[in-house]
């Protein structure tokens, strides 16, 4: 998780994301390429300042959600984004992801919650809002 980062555009964000995920040994090679391929098919910016980038196919070493908030919104195709939830799924994962998907859906649809997440200064503050 990265809070209040200073990134200027989608490309910088994806490069930063790639670096962070590699550093944490969460992804296989080609992960970000697959995320970019997914973006070519349809944007993962969902409105309310939220994007949920994810690869076309499972390329994570373990299932994760990596969160980034930015000091200022960036252009993401035709929308503005200030909070990113990157999803990484491990191939043949047996984890039930329904609760996580429901939580993300609730956040996307609740602008007040999005703003509270963006305002969070600590991981603890972020998680209080993210996982009530």
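Residue numbers (the numbering used here): 110 to 241. From the three backbone atoms N, C-alpha and C, an ideal C-beta is built for every residue, glycine too.
So what does residue i bridge to, in DSSP terms?
i: residue 194; result: 176
i: residue 154; result: 160
i: residue 229; result: BP columns for residue 229 are empty, so no partner.
i: residue 136; result: 169
i: residue 199; result: 169
i: residue 188; result: 185
Excluding sequence positions up to five away, which residues of its chain have a Cβ less than 6 Å from the Cβ of residue i?
i: residue 127; result: 141
i: residue 193; result: 160 and 177
CB-CB under 8 Å to residue i, same chain, minus the five flanking residues each way: which ones, in chain order?
i: residue 232; result: 110 and 112
Starting from the C-beta of residue i, find all residues in its chain whose C-beta is less than 7 Å away, skip the five residues before and the five after it, and write them out in chain order.
i: residue 238; result: 222, 225, 226 and 229
Decide if residue i is buried, meaning its Cβ has at least 16 other Cβ atoms within 10 Å, or exposed.
i: residue 124; result: exposed
Look at the Cβ atom of residue i, then the Cβ atom of residue j, and state whether they are nearer than 9 Å.
i: residue 175; j: residue 130; result: yes
Original post:
Any chance the region 154-167 sits against the region 187-200, with 3 or more Cβ pairs inside 8 Å?
Top reply: yes
Original post:
Should the region 208-215 be called in touch with the region 141-151, which here means at least 3 C-beta pairs below 8 Å?
Top reply: no
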